[in-house]
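Numbering (the working numbering), first residue to last: 1 to 185.
So, in structure tokens, the structure goes:
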């Protein structure tokens, strides 16, 4: 931003995520985010991909907030028959009803809520299985809660997957869940 100002160039800042919201809510000490706040007020345009962030950004002094949503490649992500080899790789029964969650398994994604809801749902649906794609700081706690609740056999943890595998994985789910506190989309 200082270079753009020095040479009178237009400047754009892309802002994402829960940290911005936390700054707006005063959850970070002022000295930790002073420079960030200053740059927000100095740029010509701030871009975010989530409309729910625009109010927080304006409260932080942004003069102009534009929303440019994340793009989804509809040539890759579209309804199609389930990939039987993927279901077999995950050791899912042939007629399993699959609840899918894909994320970086941070606390803000609330992955433990998935396990807690499974504890309620699994006794009611004989062929209900959960596939969790991703890795992150909550993975161990999520796996332990599955064990504690007696759900380990109903969960499949894939770890982090290559992007090329995600269309087939998402298509495998009968339901896709995202219990996040906030989401970009």
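Virtual Cβ for every residue (Gly too), placed ideally from N, Cα, C. Bear in mind that the values here come from a model prediction, so they are computed numbers and not experimental data.
Residue range 111-121 is occupied by the alpha helix (DSSP H) that includes residue 112. Note that the C-beta distance between residue 98 and residue 168 is not below 9 Å. The bridge partners DSSP lists for residue 125 come to none.
Pairing residue 132 with residue 101 gives a Cβ-Cβ distance under 9 Å.
With respect to the 9 Å criterion, residue 155 and residue 143 are classified as neighbours on the basis of their beta carbons.
If you draw a straight line from the Cα of residue 118 to the Cα of residue 139, it comes to about 16 Å. Cβ contact annotation for residue 61 (same chain, cutoff 8 Å, sequence separation greater than five): 37, 40, 41, in chain order. Shown here, residue 133 sits in a strand according to DSSP, grouped into three states. Shown here, residue 20 sits in a helix according to DSSP, grouped into three states.
Going by beta carbons, residue 48 and residue 75 fall outside the 9 Å limit.
Pairing residue 26 with residue 57, the inter-Cα distance amounts to about 13 Å.
One alpha carbon belongs to residue 22, the other to residue 5, and they sit about 27 Å apart. Separation of residue 116 and residue 177 (C-alpha to C-alpha, rounded to the nearest whole angstrom) is 13 Å. Classified as buried, residue 111 has 16 or more neighbouring CB atoms from the shown chains inside 10 Å of its CB. Of the candidates 9, 166, 171, the residue whose Cα lies closest to the Cα of residue 79 is 171.
Around residue 69, the same chain offers 49 as residues with beta carbons nearer than 6 Å, after the five sequence neighbours per side are excluded.
The DSSP-derived three-state label of residue 84 is helix.
By DSSP's assignment, residue 100 forms a beta bridge with 131, 176.
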